[in-house]
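Asker: Numbering (the numbering used here), first residue to last: 1 to 233.
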Ligand code: DER
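Structure (structure tokens):
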């Protein structure tokens, strides 16, 4: 099975949790894309009715529009029944790293407003600890004096051998759906206390949000060659 086939298996399994009448958080990324496609298909077949989708990015908004999924937002639906989204890393306590696709703020807003947050991953996303994979830990920052904020972030994780880099699209800074920049933190060692790290990052005035989703997932669906496993909080 290819990685994308595994992602699709996890996504389709998550959509089995969807019931007619639900307000659904629609995730962003290549795994969540399969879930949104499946929801659109079931609506078209009449197997699902009365769904309201709350997209977590402009990209997912566009995908959902093309599928005819009725859409709204958190202002109209401050409580979401179920959100389905991917993740970049999942630790044994169901803490996540998200945001390598750049949608972390709206994802965290929507997924923080939901009763159930189902994470869908292929097995490659499972890690023993967050942050030490050497891959990016995204932080959304305001564009104003981003170099100053990047340096403060880098210094915060000095003992993890952190290098902070501005995420770019070609030669230009990557700009999020919210008009902000992303500083990616590359750590050589695992982050120790995740809650302390989270609080320290959010204390920096130029920071909007970070990609650690702590104690938010209620279910993790993992697809591997051996099959699909479902872990609940
Ligand atoms: O950027 C994001 O938050 C995505 O959801 C990411 O966490 C997972 O993306 P993928 O499903 O394309 O690997």
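Think of the CB as a built atom: it goes at the ideal place given N, C-alpha and C, for glycine as much as any other residue.
Just so it is clear, the structure is predicted and the values come from calculations on it, not from any experiment.
Taking 7 Å as the line, does the beta carbon of residue 104 fall inside it for any heavy atom of the ligand ADP?
Answerer: Ligands displayed in this structure: the ligand DER; the ligand ADP is not among them.
Asker: Less than 8 Å between the CB atoms is what I'm expecting for residue 220 and residue 121, so what's the real figure, rounded?
Answerer: 7 Å
Asker: Pop quiz: residue 36 and residue 60 are said to be a contact at Cβ under 8 Å. What is the actual Cβ separation, rounded to whole angstroms?
Answerer: That pair is a contact at about 6 Å.
Asker: Are the CB atoms of residue 82 and residue 115 within a distance shorter than 8 Å?
Answerer: yes
Asker: Among the residues of its own chain, which have a CB less than 7 Å from the CB of residue 113, if the five just before and after it don't count?
Answerer: The answer, listed in chain order, is 74, 78, 79, 80.
Asker: DSSP puts residue 145 in a beta bridge; with which residues?
Answerer: For residue 145, which the question treats as bridged, DSSP gives no partner whatsoever.
Asker: Is residue 202 buried or exposed, if buried means 16 or more other CB atoms sit within 10 Å of its CB?
Answerer: exposed
Asker: Could you check if residue 227 belongs to the surroundings of the ligand DER, using beta carbon to heavy atom distance under 7 Å?
Answerer: no
Asker: Return yes when at least one heavy atom of the ligand DER lies under 7 Å from the C-beta of residue 100, else no.
Answerer: Correct: residue 100 has its Cβ closer than 7 Å to the ligand DER.
Asker: What first and last residue would you give for the beta strand (DSSP E) that runs through residue 39?
Answerer: Note, residue 39: premise wrong, no beta strand (DSSP E); alpha helix (DSSP H) at 30–44.
Asker: Tell me the start and end of each unbroken alpha helix (DSSP H) in the region 121–200 that is at least 4 residues and wholly inside, in chain order.
Answerer: 146–156
Asker: At a threshold of 7 Å, does residue 219 count as lining the ligand DER (C-beta to nearest heavy atom)?
Answerer: no
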